[in-house]
Every structure is written in C-alpha cells, then in structure tokens.
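To start, the structure itself, in structure tokens.
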Amino acid sequence: MAQEIEHYLMEQFKKVLDGKDKSISKIPRYNQFQEIKSLLVDIFSSFSPVDSSIRDKLYYLNNVVTECQMLTRKHGFNSPEELLTINRIRRELNKIKRELKATKDKLQPNNGVSSSQDTETSSRDTEISRWTTHVVDDSKVYGFDDNVVSMEKLLLEKESHDRFKAVGIVGREGIGKTTLCQLIFNKPEVKNNFLPRIWVCMARHPDDDEDPKLAIVKRMLVQLGVEKKMVSFIFNEKRGLEGLLCALHLQLVGKRYLIVLDDARETDTWYGKLDSCLTSDKKWDDGFAFGLPKGNGGRVIVTSRNEELAKMMVGEENIHRLLPLSDPESCWKIFEDAVEDDPNPNLSYPSDLEDLKLEINQKCGGLPLAAKMMGQAMHEQVPKYSTQWNP
Numbered sequence: 001m002a003q004e005i006e007h008y009l010m011e012q013f014k015k016v017l018d019g020k021d022k023s024i025s026k027i028p029r030y031n032q033f034q035e036i037k038s039l040l041v042d043i044f045s046s047f048s049p050v051d052s053s054i055r056d057k058l059y060y061l062n063n064v065v066t067e068c069q070m071l072t073r074k075h076g077f078n079s080p081e082e083l084l085t086i087n088r089i090r091r092e093l094n095k096i097k098r099e100l101k102a103t104k105d106k107l108q109p110n111n112g113v114s115s116s117q118d119t120e121t122s123s124r125d126t127e128i129s130r131w132t133t134h135v136v137d138d139s140k141v142y143g144f145d146d147n148v149v150s151m152e153k154l155l156l157e158k159e160s161h162d163r164f165k166a167v168g169i170v171g172r173e174g175i176g177k178t179t180l181c182q183l184i185f186n187k188p189e190v191k192n193n194f195l196p197r198i199w200v201c202m203a204r205h206p207d208d209d210e211d212p213k214l215a216i217v218k219r220m221l222v223q224l225g226v227e228k229k230m231v232s233f234i235f236n237e238k239r240g241l242e243g244l245l246c247a248l249h250l251q252l253v254g255k256r257y258l259i260v261l262d263d264a265r266e267t268d269t270w271y272g273k274l275d276s277c278l279t280s281d282k283k284w285d286d287g288f289a290f291g292l293p294k295g296n297g298g299r300v301i302v303t304s305r306n307e308e309l310a311k312m313m314v315g316e317e318n319i320h321r322l323l324p325l326s327d328p329e330s331c332w333k334i335f336e337d338a339v340e341d342d343p344n345p346n347l348s349y350p351s352d353l354e355d356l357k358l359e360i361n362q363k364c365g366g367l368p369l370a371a372k373m374m375g376q377a378m379h380e381q382v383p384k385y386s387t388q389w390n391p
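If you're matching positions, the sequence shown starts at 1 in UniProt numbering and goes up one per residue.
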C-alpha cells in the first residue's frame with residue numbers, strides 16, 4: 001500500500017509537468033522541477049523499493065508546483081514576499097535534488113562510486129561553502145555605503161579600543177544583513193585592526209543534527225584553526241560543552257578578534273548578554289559569552305531577522321536596524337546585474353528606463369534579494385517580458 005501511495009503521487013507530479021497545459025513551462029523554477037522529475041523517474045524505474053522518504057518529497061513537490069502555478073497566474077510577481085517565496089522554493093528544490101541524486105547513486109550497480117557522484121560532492125561542497133562564506137563581490141553591491149561607514153565607526157571607535165563590544169544588525173529576510181557584514185569583514189581597515197577574524201553561520205548546517213550550542217562552538221574552533229580531531233578530543237575528554245567553551249576562550253584570550261555570528265535564530269537565553277564575564281558562581285557552559293574573552297578590544301557582530309533575539313545578545317543600544325533601499329538606482333543596478341549574469345539576445349529593455357526603474361523599486365520593496373530575484377525571474381520568462389517591455 002505504501003508503495004502505491006508513492007507511485008500515485010509520482011504520477012500526479014508527472015501529470016502536471018507533462019500535461020497539455022503549455023503555461024506550465026512559465027512557472028518559477030520550471031527547470032528545477034524537470035530535473036527533479038528526471039531523477040524520480042530513474043529512481044522509480046529501478047528494481048529496488050522506493051525509499052520511504054520519497055513520499056514526503058512528493059507531497060511537497062505536488063504542493064509547491066501548484067503554488068508556483070498560482071504565482072504565475074498573477075501575471076508577474078507583484079510583491080517582495082512573492083519573490084522571497086520563490087527564493088525559498090529554489091533552496092528547498094536544490095536540497096531535494098541533492099538528496100535524490102544521493103539516492104539514485106546508491107541504486108547504481110557500482111554503489112554510486114562514479115564521476116557523477118564526484119560531481120555531486122563537488123556541487124554540495126560549493127553549496128556548503130556558500131553557506132559559510134564571508135566573500136562578496138563588492139562591485140555588485142549597491143546602496144550600502146552609509147551603513148558600512150556607520151558600522152566601521154562602531155567597530156573602530158578609539159574611546160573603546162580595549163573594550164569588548166557586540167553589535168547586532170537586524171532586518172527582514174532579503175534586506176542585505178549578510179551582505180553588509182561581508183563588506184565590513186573585508187574592509188582593509190578592519191583587517192588591519194582585528195586578528196583573528198572568523199565568520200560563523202549560526203543557522204543549522206544542511207547536514208548537522210547536533211545540538212546547536214555544540215555545533216556553533218565547534219564551528220568557531222575549526223574557523224580558528226583547531227583541527228577537527230582535536231575538537232572531538234576536547235569534547236569527548238574535556239567535559240563536553242564546558243571544555244569546548246574553555247578551549248574557545250584560550251584560543252581568543254589576549255587577542256583583538258572579530259567574530260561574525262551570521263543568521264542567529266536560537267532564542268535560548270544561553271546565547272544572551274555576550275558582554276558577560278565568567279564569575280565564581282558560574283560554570284563555563286552556563287553561557288555562550290564565557291567563551292569570548294573581554295578586555296582586549298574583541299568585537300562580535302550578530303545578524304538576525306529576530307530583533308528581540310539580537311537585543312538579548314548585544315543589548316538594545318547596540319542594535320543597527322537595516323532598512324529597505326530607498327534609492328531606485330540601487331535596486332535597478334541589482335536587477336540589471338542579475339539579468340546580465342545570464343545574457344539573452346532576445347531580451348531588451350523599454351525605451352523609458354526611468355519608469356521601469358521605479359517599477360522595479362516598487363515591486364521589490366527596496367529589498368536587494370527581491371530585486372535580484374526579479375532579474376532572475378525575467379530570464380525564466382523571456383517571452384512574456386519581451387512582449388510586455390518591448391516598445
């Protein structure tokens with residue numbers, strides 16, 4: 001019976017993508033859906049029973065392809081929320097595609113040891129690298145100049161040269177919190193004033209089911225150059241989280257460090273009050289802050305969508321609120337760069353560019369990610385946009 005459900009869901013998914021409705025090819029992420037369908041066909045055509053996890057994926061795929069059809073029927077993406085929804089769908093489809101490739105490789109006679117698996121591993125490593133990266137192409141970042149100057153002053157202010165300071169950057173999804181941090185992290189003045197500098201993503205790792213507290217501290221130690229074998233030894237032989245936080249403190253003590261804690265989400269008070277110091281009535285593992293030495297001018301930047309969480313970590317007086325871009329020119333440049341990443345000779349802009357710039361700014365709501373998504377969506381729907389925008 002279970003296998004019948006999976007086969008039924010698979011037929012429903014194929015029916016939508018291969019049906020007579022030609023408009024299906026215009027839905028967001030259409031090519032991703034087709035790639036996933038091909039992987040599923042290969043898996044279902046094997047002689048092995050279909051993995052039970054496939055059912056959940058098929059439920060999701062059938063629901064989300066319907067959601068994409070509804071977005072398309074609106075004749076364009078009219079709000080930042082819709083564009084961010086499409087971006088979330090893209091990320092989830094990428095994850096499903098990776099997992100299906102792994103399943104398909106296991107079904108191969110050579111147990112998946114093939115060049116295709118090597119390619120997938122390389123692709124997965126690239127994605128994980130992006131997940132933790134502090135690198136940004138600043139030539140394609142627009143509208144952040146004032147924010148960079150403000151943040152740089154906060155980090156480098158002379159009157160608190162030797163005092164620990166934690167700053168929070170808060171704002172909605174897609175507004176550019178991580179991008180702003182990347183710009184600051186790589187400024188020459190910042191590089192010259194802080195050593196070491198480490199970048200740690202606070203969100204759960206795609207393949208990590210470990211307790212977030214342990215995972216984050218381990219991540220920080222590895223970023224500081226501690227070998228993974230030594231991190232495991234410290235955890236196993238030196239009393240778990242307490243030993244890890246003590247090791248983190250020893251790695252940073254006496255140094256003017258800069259730590260970026262990107263995308264903070266955990267609301268546990270254990271992460272709160274980063275400026276706290278270890279006292280005689282506390283233990284190392286009572287708070288995240290105890291792993292961060294004070295007194296040598298260390299700096300921590302926290303980014304989060306959750307303003308209350310950021311306040312808990314750095315204090316309300318240290319919050320930097322990132323607002324939507326107000327300059328239509330900045331949104332337009334982000335949109336244009338996204339279009340030019342995949343140039344298409346069949347695509348042209350209308351004669352009245354100023355009206356188009358205002359339209360882009362209005363639809364993206366000043367969110368850089370939404371402007372980028374609009375540029376990418378433009379190429380996925382070239383016929384519609386060409387007809388709509390060509391004078």
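Quick reminder that beta carbons are idealized off the backbone N, C-alpha and C, glycines included.
Whole-Å CB distance - residue i paired with residue j, under 8 Å assumed
i, j, result
"PRO324", "LYS357", "Contact flag wrong, Cβ pair sits at about 15 Å."
"ARG172", "PHE185", "The Cβ separation is near 21 Å, so there is no contact."
"GLY365", "PRO80", "4 Å"
"PHE194", "LEU245", "So it is not a contact: roughly 21 Å between Cβ atoms."
"residue 416", "ILE36", "The structure shown does not extend to residue 416, since the chain is modelled only from 1 to 391, so the question has no answer here."
"LEU369", "ASN87", "6 Å"
"residue 446", "LEU180", "Outside the displayed range of the chain (1 to 391) lies residue 446, so it cannot be described from this structure."
"PRO293", "HIS320", "24 Å between Cβ atoms; not a contact."
"VAL202", "ARG265", "Per the sequence presented here, residue 202 reads as Met, with Val not at that position. MET202 to ARG265, Cβ: 6 Å. Contact."
"LEU224", "GLN251", "5 Å"
"VAL190", "LEU155", "6 Å"
"TRP284", "GLU242", "4 Å"
"GLN34", "LYS97", "Wrong, their Cβ atoms sit about 11 Å apart, outside the cutoff."
"LEU261", "VAL200", "6 Å"
"ALA338", "GLN376", "5 Å"
First through last residue of the beta strand (DSSP E) which encompasses residue i
i, result
"ASP262", "258 to 262"
"VAL302", "299 to 304"
"residue 402", "Outside the displayed range of the chain (1 to 391) lies residue 402, so it cannot be described from this structure."
Residue range of the unbroken alpha helix (DSSP H) whose run includes residue i
i, result
"VAL148", "145 to 156"
"LEU181", "Checking the sequence, you will find Cys at residue 181 rather than Leu. Element bounds for CYS181: 177 to 185."
"VAL314", "307 to 314"
Three-state secondary structure assigned by DSSP to residue i
i, result
"LYS255", "coil"
"LEU195", "strand"
"ILE319", "strand"
"TYR271", "helix"
"SER280", "coil"
"TYR8", "helix"
"VAL190", "helix"
"VAL141", "coil"
"ASN296", "coil"
"VAL113", "Summary for VAL113: the model assigns pLDDT 40, below 50, so the residue's position carries little reliability; its value from the coordinates is reported in the next sentence. VAL113 falls in the coil class under three-state DSSP."
"GLU173", "coil"
"PRO368", "helix"
"LEU245", "helix"
"SER326", "coil"
"VAL136", "coil"
"GLY19", "coil"
"GLU336", "helix"
"ASP285", "helix"
"ASP355", "helix"
"MET374", "helix"
Cβ of residue i within 8 Å of any chain C Cβ
i, result
"ARG55", "As a matter of chain content, chain C is missing from the structure shown, which is built from one protein chain."
Near the ligand MN: residue i beta-carbon under 7 Å from a heavy atom
i, result
"ARG55", "Ligands displayed in this structure: none; no statement on the ligand MN is therefore possible."
> For the region 200 to 240, which segments carrying the alpha helix (DSSP H) assignment without a break, of at least 4 residues, lie completely within its bounds, in sequence order?
Replying inline: 212 to 223, 228 to 237
> Counting pairs of beta carbons, one from the region 3 to 12 and one from the region 42 to 55, are three or more of them closer than 8 Å?
Replying inline: yes
> Which ranges would you report for the alpha helix (DSSP H) in the region 22 to 107 if only whole runs of at least 4 residues count?
Replying inline: 30 to 44, 53 to 72, 80 to 107
> Can at least three beta-carbon pairs, one atom from the region 206 to 224 and one from the region 292 to 304, be found at a separation below 8 Å?
Replying inline: no
> Per the contact definition of three or more C-beta pairs closer than 8 Å, is the region 135 to 149 in contact with the region 260 to 280?
Replying inline: Three or more beta-carbon pairs separated by less than 8 Å are not found between the region 260 to 280 and the region 135 to 149, which leaves the two stretches without contact.
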